[in-house]
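Accompanying notes for the structure given below.
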Amino acid sequence: MDGDRHAATLLVRRTEKLVAQIVFKMLGNHPDRKDLTQDIYLKTFRYLPRFRFQCKLSTWVAQISYTTCLDHLQKYRLELITISTGDELSLGNTCSQEISGDIPDASQLLSIKERSEILEKLSTTLPPVYRTLITLFHKEELSVEEIRDITGLPVGTVKNYLFRARKVLKESLLNHYSKEDL
Amino acid sequence: MNQVHLNEEQLQDYAITGITDPSVVQHLTGCARCQVQVKAYQTLYSYIREAKTPILDFKAEELIPDRLPAINKEDSKEAWYLYGFLFGAIGLLTAGAVVFWGSIRWIFTGIVPWAIIIGFVLFSGLLMVQLMELYNTYRKKLRALNME
Chain A
1 MDGDRHAATL LVRRTEKLVA QIVFKMLGNH PDRKDLTQDI YLKTFRYLPR FRFQCKLSTW
61 VAQISYTTCL DHLQKYRLEL ITISTGDELS LGNTCSQEIS GDIPDASQLL SIKERSEILE
121 KLSTTLPPVY RTLITLFHKE ELSVEEIRDI TGLPVGTVKN YLFRARKVLK ESLLNHYSKE
181 DL
Chain B
1 MNQVHLNEEQ LQDYAITGIT DPSVVQHLTG CARCQVQVKA YQTLYSYIRE AKTPILDFKA
61 EELIPDRLPA INKEDSKEAW YLYGFLFGAI GLLTAGAVVF WGSIRWIFTG IVPWAIIIGF
121 VLFSGLLMVQ LMELYNTYRK KLRALNME
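Those protein sequences? They're chains A and B, same order as listed. Just so you know, we're using full-length UniProt numbering here: the first sequence kicks off at 1 and counts up by one. Just so you know, we're using full-length UniProt numbering here: the second sequence kicks off at 1 and counts up by one.
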């Protein structure tokens, strides 16, 4: 890419959505977002000669994005993976238990914007790493192996984090709808 | 009906794939609580899928530095030198054999034809393997660059 701005522009265009997803999920509305994105692309261009075609280029850029965000969060000593899985999440094991709350069909009642807002609200209960994993798996439809490549976490850990994140979000969703009394 | 509720793993798997064993389906048809749980997961997945993709509030292209770092092309050059040398040597040998066939013919006298055929097949096979490896490496690189 020696001086080839066209190739660089193409690279940015093709990866910016994925980079944005990771930066937003990891940092939220942090004021350093722009600086961090610049840092991600600077690293990408600097280390491009080290890219050995062992994964997709987008996965490699995502890997740089994730580690850059992680370093940034660690600098501020923010909680990255601890999740509250207290008693409030435990459910009964037999059919005799009462059912609380009802959920309207996703396609009904609410607009996409409203659903996005609800999800945004629910996601605040999750630590950044969980938010990112959930988005990469369910929204970006990446495989567990691709997420492993991006995050450097073992496959088992990725699956475990996804499981826990889904459970927390599901409980929050049920609580949300029982409170909203829909 | 199995009175024990489905565990979280079964609920999540069923909500994602819709594939499960018959006992799970049988339980689900008769258990309103588990139906609510599955519906909650399905709703959650649809919310995530439909959520708006965040857009950077600045043009990422503007972040490209004026002077892009130079790429070290030594590795790829090395590979091309190797292949160039290999094919050049084969070409030279073939051309030499054609031009000086009259002078070098004696080398092959006394060698039975099938030995020459075996040698030729082995050589062609090795060349094919080498070319296939080159092609596979090229395909792998193209796949990696396909970022969509």
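All residues carry an ideal CB built from backbone N, CA and C; glycine is no exception. These figures come from a predicted structure and were not determined experimentally.
- Relative to residue 52 of chain B, the option among A:14, A:58, A:76 and A:118 whose CA is nearest is A:118.
- Listed along the chain, the chain A residues whose CB falls inside 7 Å of the CB of residue 135 of chain B amount to none; the nearest CB is some 14 Å away.
- Residue 24 of chain A is a Cβ neighbour of residue 54 of chain B, given a cutoff of 7 Å.
- Contact with chain A is found for residue 12 of chain B, since one of that chain's Cβ atoms lies less than 7 Å from the residue's Cβ.
- Taking 7 Å as the CB threshold, residue 142 of chain B stays off the interface with chain A.
- The residue among A:31, A:64, A:163 and A:34 with its C-alpha nearest the C-alpha of residue 11 of chain B is A:163.
- DSSP places residue 59 of chain A inside the alpha helix (DSSP H), whose first and last residues are 57–75.
- In this structure residue 171 of chain A is buried. Its beta-carbon is surrounded by 16 or more other beta-carbon atoms within 10 angstroms.
- Taking C-alpha positions only, residue 121 of chain B is separated from residue 56 of chain A by approximately 37 Å.
- By the 16-neighbour rule on beta-carbons within 10 angstroms, residue 132 of chain B is exposed.
- Counting every other CB atom within 10 Å of its CB across the protein chains shown gives residue 19 of chain B a total below 16, marking it as exposed.
- In the same chain as residue 22 of chain A, and ignoring 5 residues on each side of it, the C-beta atoms closer than 7 Å to its own belong to 62, 65, 66, 69 and 132, in chain order.
- Minimum Cα-Cα distance from residue 13 of chain B among the listed residues B:90, B:118, B:66 and B:38 corresponds to B:38.
- Between the stretch 8–20 of chain A and the stretch 54–66 of chain B, the count of C-beta pairs closer than 8 Å reaches three or more; the two stretches touch.
- Close to residue 19 of chain B, with beta-carbon spacing below 9 Å, lies no residue of chain A; the smallest spacing is near 17 Å.
- CA-CA distance, residue 88 of chain B to residue 9 of chain A, rounds to 38 Å.
- Sorting B:111, B:31 and B:17 by C-alpha distance to the C-alpha of residue 4 of chain B places B:31 at the top.
- For the stretch 101–126 of chain B, the full-length alpha helix (DSSP H) segments reaching 4 residues or more read 101–108 along the chain.
- The beta carbons of residue 72 of chain A and residue 36 of chain A sit about 6 Å from each other, so the pair counts as a contact at 8 Å.
- Assigned with DSSP and collapsed to three states, residue 29 of chain A falls in coil, not helix or strand.
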